[in-house]
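Using our numbering, the letters of the sequence shown correspond one by one to residues 6 to 102. Note that the Cβ used here is the ideal one computed from N, Cα and C, for glycine as well.
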Amino acid sequence: MTKAEIITEISSKTGIEKVDVQETVEAFFKVIKNSMVGGENVYVRGFGSFVVKKRAKKTARNISKNTAIIIPEHFVPSFKPAKTFVEKVKSGNKATK
């Protein structure tokens with residue numbers, strides 16, 4: 006599902022115009038991004054947590070040049086779903102491969 010499809014579905018379920026829904030969704034994502042850039046985690050009860058994870062400094066190999074490179078310590082965004090959300094997906098996901 007894309008962001009446009011989410012906006013369309015929210016608009017049809019709530020009766021709010023697509024433009025207003027789009028502004029709200031964009032603002033929601035902007036708040037989450039800005040909070041995480043500032044090193045702050047975002048917790049949405051019943052949905053999950055958007056957290057900033059620290060990756061330690063490590064040595065990696067460049068196989069083509071056969072050299073070692075140092076990857077410095079850095080931070081990456083991560084999402085951890087809430088337990089109730091995980092349980093709903095487990096019990097409700099009937100997708101076939």
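Just how far apart, CA to CA, sit residue i and residue j?
i	j	result
residue 62	residue 83	18 Å
residue 72	residue 51	46 Å
residue 65	residue 79	14 Å
residue 70	residue 38	36 Å
residue 13	residue 35	19 Å
For residue i, does the count of other Cβ atoms within 10 angstroms reach 16, so buried, or fall short, so exposed?
i	result
residue 26	buried
residue 76	exposed
residue 21	exposed
Judging by CA-CA distance, which residue of the options is the nearest neighbour of residue i?
i	options	result
residue 8	29, 49 and 67	29
residue 89	49, 58, 56 and 74	49
With a threshold of 7 Å (Cβ to nearest heavy atom), would residue i be considered close to the ligand MN?
i	result
residue 38	As for the ligand MN, it is missing from this structure, which has no ligand bound.
Give the list of continuous alpha helix (DSSP H) stretches no shorter than 4 residues that lie fully inside the region 13–94.
23–42
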